[in-house]
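Report on the structure given below.
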Amino acid sequence: LDDLERAVSAGERVLRSTKGATEIATSIKDDGTQFALTIDRAKAAEVGLSPAQVAGTLRTAVSGVVATTIKTDNEDIDVLVSTNLNPSWREPRDTTNVDINGLLNLPIKTPYGSILLGSILTPSIEKSNAVIRRENQKNIATVSAQTESTATPVEVANNFKKAFEKEGLPDGVSMKIGGETEDVNKSFSEMGIAFLAGLVLMLAILVLEFNSFRYSFYLLMLVILSLIGVLGGLALTGQPFSFSSLLGIIALAGVIINHAIILVDSIIVRMKNPEGRTLEEVVVDGAASRLRPIVLTTVTTVVGMIPLAGASALWGPLAFAIMFGLSFAMILTLVLTPILVYQNPGKQFWKEPAA
128 LDDLERAVSA GERVLRSTKG ATEIATSIKD DGTQFALTID RAKAAEVGLS PAQVAGTLRT
188 AVSGVVATTI KTDNEDIDVL VSTNLNPSWR EPRDTTNVDI NGLLNLPIKT PYGSILLGSI
248 LTPSIEKSNA VIRRENQKNI ATVSAQTEST ATPVEVANNF KKAFEKEGLP DGVSMKIGGE
308 TEDVNKSFSE MGIAFLAGLV LMLAILVLEF NSFRYSFYLL MLVILSLIGV LGGLALTGQP
368 FSFSSLLGII ALAGVIINHA IILVDSIIVR MKNPEGRTLE EVVVDGAASR LRPIVLTTVT
428 TVVGMIPLAG ASALWGPLAF AIMFGLSFAM ILTLVLTPIL VYQNPGKQFW KEPAA
């Protein structure tokens, strides 16, 4: 227990110095001092009382006893009678609650008549023991905190973990980060699966649209490569890769695919009817025809995200992920996609004109 208390104390100290953490608390409750009542076994034996009888009387006074039960139409309500203690350590003259002297003046029946508990009990003040929870035969203690509006739980947890690693843990003590951070990490895996499932569905739709695996992979590659812009933007602005930024990536995928579809479709239409032009001319013309709408939709989306970027620590990563990812994807769409189509146009879309 001493090792666990030392680890909790170190964790609390580190968490208090962690940026973004506030309202630090631990599950180890140590009230400093407590009253202890010691039974004088010799005096108790003289009046015919056993320690169990004395302890039972005290337990009844403190915890209470069910005096009667009130029956209603819906349920039975137990009426608990107990001593109204003074747990807040208020001055006895300021409250009618029972203090330690009130407990000592409670009567207890003996074979020789009633006596006061104080005649066989000796009160003393001792250091209280910390309350430590047990779960699965293990002692468990927690150190918790709330996050400030300028920080996210994942960011605070990562900063705490890095700082606490320097402290080290005593032998036999392990640490697990839970709470909202654990929920976010669980959501990460679920969203990752959803993202992969979305890519598979998009691939199926693109194959049906273009009747070509080659072009479908071209477009999906843009989504994957756009992550470079997302991660670079988050690093540049100092934003964490959080749950909201993952939401931004998922939202980003649909916009990127839409841009790529209208660009590739424009090129394919011209390849099927080249009107005597070369492949290079067809590709350049198709890409140029979609330059203006793609740039305008990207710019309007990025500008619209600017207020959200500075709104809070929760929505900032989402906004920056969309802003940087979409900007980078726009360049890829307008530059890389025409190059890929030019290098591998596909026989079903382009046939070299006869000499």
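Counting in my numbering, the final residue of the sequence shown is number 482, and the numbers go up one at a time with none missing.
Just so you know, even glycine gets a beta-carbon here, dropped at the ideal spot from N, CA and C.
Small disclaimer: the values here were computed from a predicted structure and weren't measured.
For residue i, which residues does DSSP report across the bridge?
i    : result
R260 : I267
G356 : According to DSSP, which records beta bridges pairwise, G356 is partnered with nothing at all.
E253 : Q161
T149 : Q273
P234 : L243
I197 : I204
L361 : Paired residue(s): none; L361 is not in a bridge.
V192 : V208
I166 : L248
V225 : L212
Compare the Cα-Cα distances from residue i to each of the options and report the closest residue.
i    : options                : result
L358 : M450, I204, D203       : M450
M231 : L243, T237, S190       : The residue you asked about is not Met; residue 231 is Leu in the sequence shown. Of L243, T237, S190, the residue nearest in Cα terms is L243.
A378 : N211, K236, V350, T364 : V350
V283 : A148, L461, Y239       : A148
I383 : L461, G191, G245, R186 : L461
L352 : I166, I376, N286       : I376
G229 : S209, Y239, R260       : S209
G443 : K293, N338, V327, T277 : T277
Cα separation between residue i and residue j?
i    : j    : result
L453 : A387 : 12 angstroms
I395 : F476 : 6 angstroms
T464 : L346 : 8 angstroms
Q366 : L435 : 13 angstroms
S369 : S314 : 10 angstroms
L459 : M348 : 10 angstroms
I227 : F162 : 8 angstroms
I252 : E275 : 40 angstroms
T269 : V206 : 35 angstroms
L333 : A414 : 19 angstroms
A448 : Y469 : 30 angstroms
E317 : L373 : 11 angstroms
A482 : G403 : With a pLDDT of only 49 at A482, under the threshold of 50, the placement of this residue in the model should not be trusted; the figure read from the coordinates follows. Distance between the alpha carbons of A482 and G403: 11 angstroms.
L445 : S371 : 5 angstroms
Who are the Cβ neighbours of residue i in its own chain at under 7 angstroms, not counting the five residues just before and after it?
i    : result
L330 : S343, L347
P380 : At residue 380 the sequence reads Ala, which differs from the Pro that was named. G325, V350.
N471 : R341
E150 : A272, Q273
T364 : F447
Got a sec: does the ligand FMN put a non-hydrogen atom nearer than 7 angstroms to the Cβ of residue i?
i    : result
L361 : Ligands are entirely absent from the displayed structure, and the ligand FMN is therefore not among its contents.
Once the 5 residues before and after residue i are set aside, which same chain residues still bring their CB inside 8 angstroms of it?
i    : result
T237 : V174, G175, L176
I355 : F455
Can you name, in chain order, every residue of its own chain whose Cβ lies under 6 angstroms from the Cβ of residue i, other than the five neighbours on each side?
i    : result
K483 : Because the chain is modelled from 128 through 482, residue 483 falls outside the range shown and cannot be assessed.
I247 : D167, K170, A171
V409 : R397, M398, P401
Are at least three pairs of beta-carbons, each pair with one atom in the stretch 137–152 and one in the stretch 180–197, less than 8 angstroms apart?
Proximity of the stretch 137–152 to the stretch 180–197 falls short of the contact definition, fewer than three beta-carbon pairs being nearer than 8 angstroms.
Do the stretch 421–430 and the stretch 377–391 meet, that is, are 3 or more Cβ pairs less than 8 angstroms apart?
Taking a cut-off of 8 angstroms on C-beta distances, the stretch 421–430 touches the stretch 377–391, as three or more cross pairs fall below it.
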